[in-house]
Structures are given as structure tokens and as C-alpha cells.
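Trainee: Protein chains in written order, with this note's numbering: chain G, 1 to 304; chain F, 305 to 746.
Cβ coordinates follow ideal geometry from the N, Cα and C atoms, glycine included.
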Amino acid sequence: MRPAARKAASLGGERVFAWGLLAPCLFFVALFAFYPIARSMFLSLYRIILGLPRLGDPFVGLANYLRLAQDPEAMLALANTCLFVAASTLLELGLGLIIALLMDQAVRGRSLLRAALLIPWAIPTVVTSQMWRFIMSDNYGLLNLALFGGDVAAYRAWLADPFWALAAVILADVWKTSSFAGLIILAGLQTIPAELHEAARIDGAGALRRFIHVTLPALRPALALALLFRTMDAFRVFDLVFVMTQGGPGNATNVLQFYGYQKMFAEGFLGYGAAVAVLVFALVMAVSLVYLVFFRRALFREAA
Amino acid sequence: MNPFRAGLPWIAALLALALCLACGDSSPPAGGAERAGGRIVINFVTWKPNLPEVWQEALAGFHASHPGLAVRRQIGPHSSTAFHDLLTQKLKNRSREVDVFLMDVVWPPEFASAGWALPLDAYFPPRERAAFFPAAMEANTFAGKVYGAPFNIDTGMLFYRRDLLAARKWRPPETWPQLVEQARAVMADEAGAGRYFQGYAGQFKQYEGLVCDMLEFILSAGGRIMDPETGRCLLAEPRALKAVAFVREQLMGRVAPRGSLIYQEPESLALFVQGRALFLRSWPYAWQVSNDPQKSKVAGKVGMAPLPHFPGGQGRAALGGWQMGISAYSRHPEAAWAFIKYVTSRPVQKLFAIKGGRAPTRRDLYEDPEVLAAQPHLAEMGRSFAQAAARPRTPLYPALSRLLQVYFSRALCDPQADLPSLAQSACRQIDELTALSREARP
Chain G
1 MRPAARKAAS LGGERVFAWG LLAPCLFFVA LFAFYPIARS MFLSLYRIIL
51 GLPRLGDPFV GLANYLRLAQ DPEAMLALAN TCLFVAASTL LELGLGLIIA
101 LLMDQAVRGR SLLRAALLIP WAIPTVVTSQ MWRFIMSDNY GLLNLALFGG
151 DVAAYRAWLA DPFWALAAVI LADVWKTSSF AGLIILAGLQ TIPAELHEAA
201 RIDGAGALRR FIHVTLPALR PALALALLFR TMDAFRVFDL VFVMTQGGPG
251 NATNVLQFYG YQKMFAEGFL GYGAAVAVLV FALVMAVSLV YLVFFRRALF
301 REAA
Chain F
305 MNPFRAGLPW IAALLALALC LACGDSSPPA GGAERAGGRI VINFVTWKPN
355 LPEVWQEALA GFHASHPGLA VRRQIGPHSS TAFHDLLTQK LKNRSREVDV
405 FLMDVVWPPE FASAGWALPL DAYFPPRERA AFFPAAMEAN TFAGKVYGAP
455 FNIDTGMLFY RRDLLAARKW RPPETWPQLV EQARAVMADE AGAGRYFQGY
505 AGQFKQYEGL VCDMLEFILS AGGRIMDPET GRCLLAEPRA LKAVAFVREQ
555 LMGRVAPRGS LIYQEPESLA LFVQGRALFL RSWPYAWQVS NDPQKSKVAG
605 KVGMAPLPHF PGGQGRAALG GWQMGISAYS RHPEAAWAFI KYVTSRPVQK
655 LFAIKGGRAP TRRDLYEDPE VLAAQPHLAE MGRSFAQAAA RPRTPLYPAL
705 SRLLQVYFSR ALCDPQADLP SLAQSACRQI DELTALSREA RP
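1) Should F/Ser-383 go down as buried or exposed, given a rule of 16 or more other Cβ atoms within 10 Å for buried?
2) CB F/Leu-424 to CB F/Val-450, shorter than 8 angstroms?
3) What's the gap between the Cα of F/Gly-328 and the Cα of F/Pro-724?
4) Confirm the yes/no value for this check: CB of G/Val-174, any heavy atom of the ligand ADP, distance under 7 angstroms.
5) Determine, using beta carbons only, whether G/Pro-162 comes closer than 8 angstroms to chain F.
6) State yes or no: is the C-beta of F/Ala-581 within less than 8 angstroms of the C-beta of F/Gln-486?
7) So the beta strand (DSSP E) F/Ile-630 belongs to, where does it begin and stop?
8) Using CA coordinates, which residue listed in F/Pro-588, F/Val-602, F/Phe-436 and F/Ala-703 is at the minimum distance from F/Leu-295?
9) According to DSSP, is F/Pro-454 part of a helix, a strand, or is it coil?
10) G/Met-136 by DSSP, collapsed to three states: which one?
11) Taking only runs that begin and end inside the segment 125-200 of chain G, name each unbroken alpha helix (DSSP H) of 4 or more residues, in chain order.
12) Do F/Gly-660 and G/Ala-157 have their C-beta atoms closer together than 8 angstroms?
13) Would you mind working out which of F/Asp-408, F/Ala-609, F/Pro-371 and F/Ala-547 sits nearest F/Phe-455, comparing C-alpha positions?
14) Let me know the secondary structure DSSP gives F/Trp-591 once reduced to three states.
15) With a Cβ-Cβ cutoff of 8 angstroms, do G/Pro-58 and G/Arg-67 count as a contact?
16) Could you check the C-alpha separation between G/Phe-229 and F/Pro-702 for me, to the nearest Å?
17) Return the chain-ordered list of same chain residues with a C-beta closer than 7 angstroms to the C-beta of F/Pro-561, the five sequence neighbours on each side being excluded.
18) DSSP on G/Thr-89, reduced to helix/strand/coil?
19) Which class does F/Asp-408 belong to by DSSP, given the choice of helix, strand or coil?
20) Once DSSP output is grouped into helix, strand and coil, what is the label at F/Tyr-464?
21) Using a Cβ-Cβ cut-off of less than 8 angstroms, give me the residues of the segment 519-549 of chain F that come near chain G, in sequence order.
22) Below 9 angstroms on C-beta distance, what does G/Ala-153 contact in chain F?
23) Could you run through the segment 26-55 of chain G and flag, in chain order, every residue whose CB is less than 8 angstroms away from some CB of chain F?
24) Identify the continuous beta strand (DSSP E) that holds F/Arg-343 and give its terminal residues.
25) With a cut-off of 8 angstroms on the beta carbons, I'd call G/Asp-203 and G/Ser-129 a contact; round off their distance for me.
26) Pairs of beta-carbons, one from the segment 173-192 of chain G and one from the segment 94-106 of chain G, closer than 8 angstroms: are there three or more?
27) Under 7 angstroms, CB to CB, which of the residues in the segment 549-571 of chain F have a partner in chain G?
28) Does F/Ala-374 come out as helix, strand or coil in the three-state DSSP assignment?
29) Determine the extent of the alpha helix (DSSP H) in which F/Ala-368 is found, giving its start and end residues.
30) Show which residues of chain G have a CB atom less than 9 angstroms away from the CB atom of F/Leu-422.
31) Return helix, strand or coil for F/Pro-654, following the three-state DSSP convention.
32) Rounding to the nearest angstrom, what Cα-Cα distance links F/Arg-635 and F/Arg-400 in this structure?
33) Would you kindly report the start and end of the unbroken beta strand (DSSP E) that includes F/Tyr-504?
34) Taking the alpha carbon of F/Thr-738 as the point to measure from, which residue in F/Leu-538, F/Asp-493, F/Met-518 and F/Ile-346 has its own alpha carbon closest?
35) Is any beta-carbon of chain G found at less than 8 angstroms from that of F/Arg-706?
36) Judging by CA-CA distance, which residue of F/Leu-462, F/Gln-568 and F/Arg-466 is the nearest neighbour of F/Tyr-511?
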């Protein structure tokens, strides 16, 4: 056998081996990711109403999606979701950057500080939500005590106000996940060679200039990654709303995932609920693709 | 040879294991438990009893009087929604492990329409049904057939501070405007004395309780949510609008705290038992809690009355409670009915009333001297049960309820919102639901 042919044969063997190694992972991804997505898309083309089995499960094509476009509740939930995603992601990135810069400082007790900052992220969201619900309470909430002290008559019912209720849900999310964004950004910070700062300092750059011209550009991959993760996660907001407000008052905090859950599990409109789920999937997909196009360089710089 | 290649069989083995785990069914084969010791087993899907001893006594009585039958309880979660999920899952799968089940008061139309609940007309003659509260029987009836027997009953009631009303020589309010008037006067006095005090505590969060509270206001103004015959939405009619406007303009942020918009039962009860509210709209359980010195600062100062009404209207209270039904897939419907008949019988209802304080569903027990001697407050509750009103009946109740919740919550939380147009938009969606469920009529 000629050497080249032998090499090709062994390459083929390598390929089989590689697929063999990937198989378990692919199996589980297919089982737990692709199958549910495909199944949701399939269900969303049918009218399935659990409470009315006599109607059968007729195929309705895109009728569920057409209804969705004309459903005022769904459109409000879409608007709320977008508002939540935009506000929470931007705030989390900003706060995350500050947290990362603080954690990067060589101060005493740094490891303790790092651990403490991660606590909000480690607490289950249901607990976080319940905690913020208590903090915002009109009768015994800490927020009212902090703002108004003993002046009980001035206490406000934050979660009873449509504007503040949505703000409260955003705030709770920011409190919970800023440190996660901070962790990703910190990893980026630590890859910046000290020589770059050194050189800038010798050139006479002050702290602000060094931050803008050295730190920020070098952080772009980490920032892009944090943005991508946080955006994808924010679109799937559910538990905060479920525990804090149940979508109220007056649907002011209803978000798509919660709306889809209600349609599917509480009301038994399986096809329509699946259409809502597919809409969320499509949104996350679209936003991720846009990010990938814009931040391709930043995200894949190492690979290129 | 590549040393890692030796791993291939292992990967294959792991894959095979994963497949087994994914597809395997570890549940034991069912069906063998149909008869236990020669007795027919009645599977009863219920929630964890609040009063285990009373249930023990009742079951022991059943087994003693029905030697051929044995009840096996399957305990589900206490939350109504979670219990609904569990029970409907079993029924969707046509489980043979369900004979008798409990239904929340709004479920019978859904269970009937889905074909899960057996019509009980053959077992439960009209003469028998007349012994129960009419609203409870109405809730168990759908499209002319009866699907459940009432096990216990609940309604909205008005609790008030007897001491504060008595000090002013006032009787509990009979109309909603009177309630507002009394609340304003007492609030002014309490505020003058430097105390934080509210007039009215109710449940106005966007959830099922909001539907109950608002249904009571609308019915007591002579309005309706839906026409019971045609199912047409009547929220945009003047009387229904008037009731909603009254709550928004006279109660919300005035005699009731704006925080009521996020109150469920526990928050409103907390305000009342802390001595911070004159009136409370709640369910009968609030009587025990607010009179328990361990839990309440106003124990012994609480009065109870039927809910007020609007001038010219009639007080109506939202009906709650649990019903007993038989699965359409049960193999022993006669045995199942024997069990339901026993639990809803006069002696067993009396047992639950005297030993457990549970409100019985049979009307004549509210005149029974032994019951009244043991639980004197039941007399007042009986008056409320008699004026109870069932929530709208539709197999799509969860969807209807959510539309109502959104409408009411939006109407109450925004003082500027245009009520008629909100109501019309809610009605358009509700009428669509009605059309859908009519399409599915047999």
C-alpha cells in the first residue's frame, strides 16, 4: 500500500472514531434540543384544544401564527419581552463591567469579594423573585422602609403599578445576573497583557484613556459573548414573572414565555401555545444571528 | 493502533444504556389491584386531607357498612391548579386507576365536555339533588346533565370589625355605598388618631380570586358576565360597567389600599388580622383565623355577614368548594357511586361539620341543633351559601377566567382607562371562546 493511501485509510478511521466520540453528545442534543423544537413546530400547525377533544386535532397550517399576529395580548407580551430584554441586558452589561473591573483590582480580600458577588447568581431564581416580591411589598417591604422610614401613609404598592411592576422585574433580573456578566468580562480582562497597559502608561495615557483605548477594545470578545448569553437568556424570562406578578397588573408584566405557558398548560391550547414557543425560538435565533454577523470578528478572533 | 480506539465498545455500551434509560418504563404493571381480599377497590383521587382523623373515621364507617368495597386513596397536591394537572393527565390517559375524583367547582363543564366525567343522572335523581344548595348543583350541571355531587362548599363573605361598628351603633352594611360611607368615617377617625387604617381588604390581583370578587360586584348590581343561555358576554352592559366603575372609583386607592391590586387571600387577611382594616371580603376559613388569638390581633372582635349589594340589587357570593365525580373509564361505577353517596350523605356531612368545622353541602344541616351547637357560626354562613352564585360554566373555563382577569385588572389599575372599550374588547375575545366551545357540543 502506498503511504498516501494508508494515510487516507487511517483518516477515514479517525473520522469514524470522531463520530463515535461525538455520538453520545449528539444523541442527547437531538433528544433534548432538536426533538422538542421540531415537535413544537409540528404542533404549532395544528389546532389542539385539550378541553374540547370533540373538535379533533385538525391541521390548520399557519392559522395559529396569523392569529398570533392579531392577538393584542400576544403583541403586548412581545413588546414587554423586548423592553425587558433591552433594559436588562444593557444594565447587566454596564454593571457587569463595573463588577469585573472591581474584581480585577488587587485588593485585600479579593477572593472573598468575588465569592460574595456571585451569591445573587447562585440563588435559585424562584427564591430571588420571592425575595424581591417581599422587598417591594406595600406593607412590610424594605424598599418602602428605606425610602419613607416610619411614614406608613407614604408607602407605595410598587407591584400594583404597571410601570413599576415591569421595572421591578427588570431590577430583580439585573440584581441576579449582573455578576454572571461580570464573570465573563473578568475572564476577558485577565487576558489583557500587562505590557499593553505598561506601554500606554509610558506613553503618558491617564487611567480613563487607558480604559477607553486599551481595556475596552481588548474586551470586545468578552463583552460580545456576555451580550449574546444575556440576550438569549433574557428572551426566555419566565420564573421572575411567574413568582413576582403572574403577568399583572393588567398584563403589564406579561412576557411571551409566560403567555405561551398559560395558553399551553393552564388553558390547554396546545397548538397555539406551541406557536408562541416557536415565536420565542425564532426571536432568539434571529437576534443571535444578527449578533454573530456584527460581532463575528470579536467572537471568533482567536479561531481566525 | 490508536490507544483510544479501545474505547469504542465502551461508547457503544454507554449509548445502549442511554437508550434503555430513555425508553424504559419502570412502572409496575397495573390492573392486578382491582380486587383486594375479594373486595372491589374504589380508587379515590383526592388531596391531602386537612382533617385526617375525620376522614379516617368516615372511611372506617364506609368499610363497615359496605363489606364488599374498599377505598384506596391516591393523594394529589393541595393546589387546585397542580391537582387539576395531575388528575387530567390520568384521565387523558384513560387510567383504570381512577374511579372517584374530587373536582374544583369550576371543572365539571370541562370534565363533561372532554368525556372524562360520567353523567350521574341515573344514580342521582332530582329529588336527591334538591337537598343540596342550588348553586352547588348548578355548578355540577352541564348541558342538561349532572356530573358531580357537592362534597363541601365555600362562598365569599363579608367580615367586619364588630367593635368598631358597635361603638358607632352601626349595623353591618347592606349596600356597597353604605360600606364605603362607614369605611370613610372610621378611616377618618383612625387617621385622626394617627393610626394607619384601611376601610376594605379584598383580592384584586390578576388571578382567579379577582374573577370571584368582581363577579360578586357585578351580580349584586344586577349585571352578569355572560348570558347563561346563549353564552354571550355581557360585560359591556351598563350594570356590569357600573359595578366595575364603582370598584375603581370608590374602593381602589380610597377605602381599599392600591396594594389590593396585588393582594390574594393571605395579604388581605393579614391586613385584617393586624387590625388595619374595617372590612374584609374572604372565604369562610377567615372566620377561624381571625378569631384565633395566636394569629390575630382582632380575635373576638370580628363579625360575619353576607356580602352587600348595590341599591335595588341582591347580594350574591361567588361559589367555591369541591365536588365528587366518577371517571368515565371506571370499571365499577356502581361501587363508585356508593362511595360518593355515602360521603355526601347526611350523617357523614354532619360528622365533617361537627368534628371538622367543614361547611356541609346539605341545606337542612344548617337548621340541625347538634350542628349549630357545635359550630354556631355555620348559621351565618348558611345565609351566604343560600345566595351563592356559580361562576360562568364553560369547558374552556381557564381561558375565560384569564380573559376576565386581564380585563378586570386593567380596568382597576388604570384610573384613566376607557371602561366600555376595554369591556368590548374583552367581550370580543370571550364570544370567540364561546363560539369555539359551542362548535364542540355533542
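Mentor: With the given structure in hand:
1) exposed
2) yes
3) Note on F/Gly-328: pLDDT 39, under 50, position unreliable in the model; the coordinate value appears next. Cα to Cα, F/Gly-328 sits roughly 56 angstroms from F/Pro-724.
4) Summarising the ligand content, the structure contains no ligands, and the ligand ADP is consequently not present.
5) yes
6) no
7) 621-630
8) As displayed, chain F neither begins before 305 nor continues past 746, which places residue 295 of chain F out of reach and without an answer.
9) strand
10) coil
11) 125-135, 142-148 and 162-189
12) no
13) F/Asp-408
14) helix
15) no
16) 35 angstroms
17) Gln-502
18) helix
19) strand
20) strand
21) none
22) Ala-495 and Tyr-500
23) Phe-27, Phe-28, Leu-31, Ile-49, Leu-50, Gly-51, Leu-52, Pro-53, Arg-54 and Leu-55
24) 343-351
25) So it is not a contact: roughly 49 angstroms between Cβ atoms.
26) yes
27) Pro-561, Arg-562, Gly-563, Leu-565 and Ile-566
28) strand
29) 356-369
30) Here the premise fails: no neighbours, minimum Cβ distance about 16 angstroms.
31) According to the sequence as given, residue 654 of chain F is Lys; it is not Pro. Of the three classes helix, strand and coil, the one that applies to F/Lys-654 here is helix, per DSSP.
32) 7 angstroms
33) 502-505
34) F/Leu-538
35) yes
36) F/Gln-568
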